[in-house]
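Here's the structure, in structure tokens; my notes come after.
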Amino acid sequence: VIVGFPTETDAEFEDTLSVMREVRFDSAFTFKYSERKGTIASKKYPDDVPEAVKTKRIMRLTDLQKQISYEKNLAHVGETHTVLVESLATARSCDECQGRTDGNKLVILPAPPIGGAGRPYKVGDMLKVRITHATPHALRGGPFGV
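Quick note, the sequence shown lines up with residues 32 to 177 if you use my numbering.
This is the structure:
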């Protein structure tokens, strides 16, 4: 979703927010319009939306989408999903790994045990995971029977 496209009015931006509320995307890629030399838009339309207005609009749009994403993810807490393990570490921690549900929801779960109790799991494994927590960007949970 692009905000601040040339000639975009306040009313048109409000229409964009209205559509976002109605459609309720799981997530959305959002951008401020920036002119690219040589494109049809740069030749036909002057970049007439001030940068400060674009910034305000993208912040409002991002905040709305974050709230929608959180509400939709929160609905999964308490559910069990089959998760494909994609990595055994996350960008933030070696104590966590991540995978995806069949609906492409990102799931963060504890890294597999090394030695001791439990069966280690690896990239490519399909795990039954109970969802215990939600954020706007991911679900968190733990595997069943591992």
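Glycine included, each C-beta is placed from N, C-alpha and C at the ideal position.
- The alpha-carbon separation between Ile-33 and Phe-56 amounts to approximately 15 angstroms.
- Pairing Leu-115 with Met-51 gives a Cβ-Cβ distance that is not under 8 angstroms.
- Residue state for Phe-62 is assigned as strand, using DSSP reduced to three classes.
- Per DSSP, Arg-88 is one residue of the alpha helix (DSSP H) stretching across 82-105.
- Note on geometry: alpha-carbon atoms of Cys-125 and His-112 lie some 23 angstroms from one another.
- A contact between stretches requires three or more CB pairs, one per stretch, nearer than 8 angstroms, and the stretch 83-97 meets this requirement with the stretch 41-48.
- Apart from the 5 residues on each side of it in sequence, Gly-35 sits with its Cβ closer than 7 angstroms to the Cβ of Lys-63, Tyr-64, Val-80, Val-84, Lys-85 and Arg-88 in its chain, given in chain order.
- Of Ile-71, Lys-136 and Asp-78, the smallest CA-CA separation from Tyr-101 is found for Lys-136.
- With 16 or more neighbouring CB atoms inside 10 Å of its own CB, Ala-165 falls in the buried class.
- DSSP places Arg-171 within a strand segment (E or B) once states are collapsed to three.
- Under DSSP, Met-157 shares a beta bridge with Leu-115.
- With respect to Leu-140, Pro-167 sits apart: the two C-beta atoms are not nearer than 8 angstroms.
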